[in-house]
Amino acid sequence: MTTFMTKTTTFGLAIGVAVAALVGPVQADVNAPLAALGPPPIPSDNKQTPEKIELGKLLFFDTRLSGDASVACSTCHEPKQGWGFSGDISRGYPGTIHWRNSQTVVNSAYYGKLFWAGSAKSLEAQAPSAAKGGVAGNLETDIGTARLAFIPEYRKRFKDVFGDEYPKMKNAWRAMASFERTLVQRDTPFDKYMNGDKSALSEEAVRGKGLFEGKANCIECHNGALFSDQKYYNLGVPRAETWLDNGLAQITFRFENYAKGVTQKMYREVKDDAGFYFRTKLEQDKGKFRTPSLRYTLYTAPYMHNGTFFDLQEVVEFYNEGGGKNEFSANKTDLIKPLNLSEDEITDLVAFLESLSGDEIKIASPKLPPYAPLPAPVR
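In this text, residue positions in the sequence shown follow our numbering: the first is 8, and each later residue adds one.
Here's what the structure looks like:
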């Protein structure tokens with residue numbers, strides 16, 4: 008199989024890009040044609056500044072923003088793992104295991120809602136949801152506020168950026184969101200091709216693009232510049248082979264079922280993740296998950312909400328077979344049908360998918376500021 012070769016580079020914060028004056032996320036449109044990616048949207052109530060971005064970067068890597076000070080955002084969203092997690096499901100807070108695959112942070116600035124079931128409306132809302140979640144960061148707001156107050160460099164940075172006499176957690180989330188909005192990739196071979204450089208894609212990738220928009224009909228859901236319509240579908244994704252035998256993950260899964268208010272019968276009997284149903288409580292939404300972007304996927308394996316596929320070839324073969332079966336297959340979308348792609352066509356389609364990723368985005372973990380006693384009051 009001919010694949011697009013990439014190289015690893017050090018990622019510089021695209022501050023000029025990040026401060027682009029856009030007012031909202033990429034608009035989902037099932038009919039949107041494929042396009043090069045524009046600048047990320049920046050909310051009017053959380054403007055980008057270099058100082059805020061740098062503060063957010065420090066906080067993103069700081070384990071002290073978790074209950075036992077052992078888990079940072081970067082623990083489950085590792086730069087070296089595509090800003091996601093290398094396992095099929097993410098590690099959890101110590102003593103637990105998560106129940107879903109960690110999605111990449113790269114290009115998350117373009118989503119209208121975050122998480123697999125769209126439960127967070129912005130990056131500012133996503134950050135505390137993860138950091139304070141019982142099976143993720145398990146942070147109490149009061150302890151987080153106190154820890155930040157005992158770090159002199161953070162006191163200075165929060166005062167310079169937000170005017171806070173002492174750091175406030177709501178502004179910590181805003182700073183982290185600002186940093187995450189710099190993790191964008193707009194210079195992929197595909198983007199270069201769409202911007203006029205017709206040599207940017209291999210012959211295989213060009214043929215794959217034709218299949219993507221035609222015979223394979225991937226564009227039905229993976230459309231627009233983000234390659235996502237941001238809607239929710241049941242694809243019949245099968246459960247991972249080890250899912251039922253993973254005791255800690257099963258405990259987390261039952262806890263999440265209970266916390267999200269499912270019926271007692273469902274709590275005791277359901278074995279598969281109900282996804283979007285947790286938000287809507289509608290039977291027809293069981294097993295649905297948001298369409299993920301296909302950008303940067305060269306680095307983000309494994310794939311799907313449960314990490315059940317380990318390379319892009321497996322994903323394409325899954326679709327080629329017409330999807331799969333799970334506990335909620337009655338809700339499986341009618342859009343999923345056997346594609347009858349040949350081996351050569353599968354190879355071409357994978358080559359196109361690989362062209363949606365550019366150089367790997369690498370950032371070294373920053374040196375974090377130490378604790379120190381609070382200054383004595385002036386008398």
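We put the beta carbon where it would ideally sit given N, CA and C, even for glycine.
Among residues of its own chain, excluding the 5 on either side of arginine 181, which ones have a beta-carbon nearer than 6 Å to its beta-carbon?
By the criterion of a C-beta distance shorter than 6 Å, arginine 181 is surrounded in its chain by Asn53, Glu131, once the five residues flanking it on both sides are discounted.
Where does the unbroken beta strand (DSSP E) through isoleucine 368 begin, and where does it stop?
For isoleucine 368, the enclosing beta strand (DSSP E) stretches over residues 367-369.
Identify whether alanine 28 lies in helix, strand or coil by the three-state DSSP scheme.
Low confidence applies to alanine 28: its pLDDT is 34, below 50, so where it sits in the model is not reliable, and the reading given next is rough at best. Judged by DSSP in its simplified three-state form, alanine 28 adopts coil rather than helix or strand.
Valine 30: buried (16+ other C-beta within 10 angstroms of its C-beta) or exposed?
The predicted position of valine 30 is uncertain, since its pLDDT is 35 and thus under 50; a value taken from the coordinates is nonetheless stated next. A residue is called buried once 16 or more other Cβ atoms fall within 10 Å of its Cβ, and valine 30, having fewer, is exposed.
Looking at the secondary structure, which residues open and close the alpha helix (DSSP H) in which tryptophan 106 lies?
Premise fails: tryptophan 106 is in no alpha helix (DSSP H) and is neither H nor E.
Considering only the alpha carbon of each residue, which of Ser77, Ala156, Leu233 lies closest to serine 115?
Nearest to serine 115 by C-alpha distance, out of Ser77, Ala156, Leu233, is Leu233.
Nearest to lysine 332 (by Cα), restricted to the options Gly63, Trp106, Asp318, Pro245:
When the alpha-carbon of lysine 332 is set against those of Gly63, Trp106, Asp318, Pro245, the nearest one is in Pro245.
Check the C-beta distance from glycine 387 over to glutamine 110 and give it rounded, since I have them as a contact under 8 Å.
Because the chain spans 8 through 386 in this model, residue 387 falls outside it and cannot be assessed.
Helix, strand or coil at glycine 91 [DSSP, three-state]
The DSSP-derived three-state label of glycine 91 is strand.
Among residues of its own chain, excluding the 5 on either side of alanine 28, which ones have a beta-carbon nearer than 8 Å to its beta-carbon?
Confidence in alanine 28 is poor, its pLDDT being 34 and thus under 50, which makes the residue's placement too unreliable to answer from.
Where alanine 212 falls: helix, strand or coil (DSSP):
Residue state, collapsed to three classes: helix.
Is there a Cβ of chain D sitting closer than 7 Å to that of glycine 140, yes or no?
Although the question refers to chain D, the structure presented lacks it and comprises just one protein chain.
Option nearest glutamate 85 by Cα separation, candidates Ile60, Glu147, Glu187, Pro135:
Here the closest residue by C-alpha is Glu187.
Measuring straight from C-alpha to C-alpha, what distance separates proline 135 and leucine 62?
A direct Cα-Cα distance of roughly 16 Å separates proline 135 from leucine 62.
DSSP has phenylalanine 407 in a bridge; who is on the other side?
Within the shown structure, residues of the chain are numbered from 8 to 386, placing residue 407 beyond reach of any answer.
Unbroken alpha helix (DSSP H) run spanning serine 185, endpoints
Run containing serine 185: 176-187, per the alpha helix (DSSP H) assignment.
For glycine 144 and alanine 383, the rounded distance between their alpha carbons
Roughly 31 Å between the two C-alpha positions.
What is the DSSP secondary structure of glycine 221, counted as helix, strand or coil?
Three-state result, glycine 221: coil.
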